[in-house]
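Okay, so here's the structure we're looking at.
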Amino acid sequence: MVDDTDPKGTKQKASRRDFLKAGLLSGAAVAASAGAARAAGEPLITEIQDWNRYLGDGVDVAPYGTPSEFEAHVVRRDVPWLTADPVSSINFTPLHELDGIITPNGLCFERHHGGTAVINPADHRLMIHGLVDTPLVFTMEDLKRFPRENRVYFLECAANGGMEWRGSQLNGCQFTHGMIHCVVYTGVPLRYLLEEAGVKTTGKWLLAEGADSAAMTRSIPMEKALDDCLVAFKMNGEALRPEQGYPLRLCVPGWEGNMWVKWLRRLEVGDEPWAQREETSKYTDLLANGKARRHTFMMEVKSVITSPSPQVPVTHGKGPLVISGLAWSGGGTISRVDVTIDGGRTWQPARIDGPSLPKALHRFYLDINWDGSEMLLQSRAMDDQGLVQPTKNELRAARGENSIYHNNGIQTWHVNNDGVVENVEVS
Ligand code: MTE
Ligand code: CO
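In my numbering, the protein residues as written are 1 to 427.
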């Protein structure tokens, strides 16, 4: 709409604002009328409750705080048939219960191949060797004397959603999408350590190795190592949790979680990739023609509606409903998320709220007035590189059905008239 009498476009803005206000008012009006009905004789208001009558706990009760007892259901969970043995297994972040973009430390999903190593930081060493001028061994104290940075990044396991390649299976976004977390890391840029050792001109790749019993090892291109990788010792302000690699882990922003070596003990500089187990028989994508695609490092643009979802159905009936979800891209920031409530016939732009940081989770909302009829909810993310999240069928057409890893297809939740939510696929 062009209005010559309004060069600054204020009229246009005002009309959009009015529209938003009208939308919010109708939602608030419904909520207010429910509130008014309750106020008539609400004992929780008219009678003094125990928590109001008696003293609470003192400051000596919880030197390290834990969540309210009423949040005890908000925990990492596993899928029993995926857990052959807990030391080589996975549990999932309860995305459906979280909001904002930061994952609390105790809820970050865990994936380890040989259990959680327990390492006294005084005994931890990081070695850099191979094609370098000066091989070096750092203590934790040495590392903490380098200039450090704070960065918010998501970490997504390449196998996130892997169980859904051939159709919908698991009933809950915790299980379909919960191999992801997003925290603020404090650490030393890896390039400072590599500069200290002096990488020879022939040094094109880096092998990162963990100090756990799995001694997990991955090859990383030198270009990435010198770009934005971090050697991190803190998450969300406090020391890394043991299960996240205490005392030291590698951050490889935007790239598959398997490369983020925990309990980092060794970095070897070489002239070519190593072809370790985790980059050959695992974490490669078997295509329809029987060939395996390797080195698919970047996690592509993806999103999911976290609420409503199977574990958090709509319990309040029709009226105002907050649809909420997460979007992310290993390529950069999220520029746009569209949401459909009718299985993709019509799409509406969602509102991204909170920080929009590269290679971090983004939180989006769509505030609707639910008329109580069934819905097919989907979200579709786009990133600042112009990449658009594909449908599952588009993915299968491109990659066949043998894959496990790198499933960034659009997720569908079916919501019935009672608000019950189920994992489905639309064709
Ligand atoms: N590093 C070591 N040393 N050992 C491991 O088993 N698992 C990897 C990676 N780094 C692993 C590791 C995999 S597959 C993933 S997805 C991430 O760590 C999981 O990180 P998290 O446990 O912090 O969620
Ligand atoms: Co993984």
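Built from N, CA and C at the ideal position, the CB exists for glycine as well.
Pick helix, strand or coil for residue 153, following the three-state DSSP scheme.
Correct three-state label for residue 153: strand.
Should residue 214 be listed as close to the ligand CO, given that the test is whether its C-beta is under 8 Å from any heavy atom?
No, the ligand CO has no heavy atom inside 8 Å of this Cβ.
Please work out which residues of its chain come closer than 8 Å, Cβ to Cβ, to residue 241, disregarding the five sequence neighbours upstream and downstream, and give them in chain order.
Cβ neighbours of residue 241 beyond the five flanking positions: 105, 106, 108, 235.
Between residue 409 and residue 291, what straight-line distance do the alpha-carbon atoms span, to the nearest angstrom?
Distance between the alpha carbons of residue 409 and residue 291: 21 Å.
For the ligand CO, I want to know if residue 429 counts as a neighbour, meaning its beta carbon is within less than 8 Å of at least one of the ligand's heavy atoms.
Absent from the structure is residue 429, since the part of the chain shown begins at 1 and ends at 427.
Give me whichever residues DSSP pairs with residue 367 in a beta bridge.
Answer is 322, bridged to residue 367.
Just to confirm before moving on: does the CB-CB distance between residue 259 and residue 294 stay below 9 Å?
Residue 259 places its beta carbon 9 Å or farther from that of residue 294.
Could you check which residue in 359, 372, 130, 88 has the C-alpha nearest to that of residue 332?
With distances taken between Cα atoms, residue 332 lies closest to 359.
Quick check on this structure: which residue in 287, 151, 426, 112 has the alpha carbon closest to the alpha carbon of residue 230?
It is 151.
When you compare only the Cα positions, how much space is there between residue 286 and residue 402?
Rounded to the nearest angstrom, the two C-alpha atoms are 6 Å apart.
Considering only their Cβ atoms, is the gap separating residue 257 from residue 141 smaller than 9 Å?
Result no, Cβ atoms of residue 141 and residue 257 do not sit closer than 9 Å.
Less than 8 Å between the CB atoms is what I'm expecting for residue 183 and residue 305, so what's the real figure, rounded?
Not confirmed; about 22 Å, so no contact.
Can you round the beta-carbon distance between residue 212 and residue 114 to whole angstroms, since I take them to be within the 8 Å contact cut?
Confirmed, Cβ separation roughly 5 Å.
Does the beta-carbon of residue 179, which I'm using as the reference point, lie nearer than 8 Å to any heavy atom of the ligand CO?
Within the cutoff, so yes.
Assuming residue 411 contacts residue 385 (C-beta within less than 8 Å), just tell me the rounded distance between them.
The Cβ separation is near 21 Å, so there is no contact.
Tell me the rounded alpha-carbon separation between residue 123 and residue 224.
Their Cα atoms are separated by approximately 29 Å.
Distance check for residue 347 and residue 296, CA to CA, integer angstroms please.
Distance between the alpha carbons of residue 296 and residue 347: 30 Å.
Less than 8 Å between C-beta atoms, sequence neighbours within five positions excluded: which residues of the same chain meet that for residue 337?
Cβ within range, chain order: 303, 325, 327, 349, 350, 352, 362, 364, 379, 380, 381, 382.
For residue 78, collect the residues of the same chain with a Cβ closer than 6 Å to its Cβ; drop the 5 residues on either side in sequence, then sort them by chain order.
Correct list, in chain order: 91.
State the CB to CB distance for the pair residue 185 and residue 251, rounded to an integer number of angstroms; the pair is presumed to be in contact (CB under 8 Å).
Yes, residue 185 and residue 251 are in contact; Cβ-Cβ is about 5 Å, under 8 Å.
On the three-state DSSP scale, how would you describe residue 347?
Residue 347 falls in the coil class under three-state DSSP.
What does the shell around the ligand CO hold, if a residue joins when its beta-carbon is under 5 Å from any heavy atom?
Taking a cut-off of 5 Å from the heavy atoms of the ligand CO, the residues with a C-beta inside it are 111, 157, 257, 258.
Less than 8 Å between C-beta atoms, sequence neighbours within five positions excluded: which residues of the same chain meet that for residue 135?
The beta carbon of residue 135 sits closer than 8 Å to those of 127, 128, 129, 197, all from its chain and outside the five residues before and after it, given in chain order.
Opposite residue 185 in the DSSP bridges: which residues?
Beta-bridge pairing links residue 185 to 151, 235.
Taking DSSP as the reference, what is the three-state secondary structure of residue 412?
The answer is strand: DSSP assigns residue 412 an E or B state.
For residue 22, which residues of its own chain have a beta-carbon under 7 Å away from its beta-carbon, when the five flanking residues on both sides are left out?
Residue confidence for residue 22 is low, a pLDDT of 41 falling below 50, so the modelled location carries little weight; the figure read from the coordinates is stated next. Correct list: empty, nothing qualifies.
How would you call residue 98, buried or exposed, if buried means at least 16 neighbouring beta carbons within 10 angstroms?
Looking at its Cβ environment, which holds 16 or more other Cβ atoms inside 10 Å, residue 98 is buried.
Under three-state DSSP, which class holds residue 60?
Coil.
Quick one: what's got a C-beta closer than 8 Å to residue 202's C-beta in the same chain, skipping five residues either side?
Same-chain partners within the cutoff: 131, 271.
Under the three-state reduction of DSSP, which class applies to residue 381: helix, strand or coil?
Residue 381: strand per DSSP, three-state reduction.
Going by CA-CA distance only, name the one from 87, 189, 228, 397 that's closest to residue 143.
For residue 143, the nearest C-alpha among the options comes from 189.
Quick check: what's the CA-CA separation for residue 42 versus residue 50?
Using only the alpha carbons, I get a separation of about 16 Å.
Suppose the cutoff is 6 Å on Cβ atoms and the five residues either side in sequence are ignored; what does the same chain contact list for residue 276 look like?
Short of 6 Å from the beta carbon of residue 276, and not among the five residues preceding or following it, lie these beta carbons of its own chain, in chain order: 217.
Within 10 angstroms of its Cβ, does residue 25 collect 16 or more other Cβ (buried), or is it exposed?
Per-residue confidence for residue 25 stands at a pLDDT of 43, beneath the threshold of 50, marking its modelled position as unreliable; the derived number appears in the next sentence. Looking at its Cβ environment, which holds fewer than 16 other Cβ atoms inside 10 Å, residue 25 is exposed.
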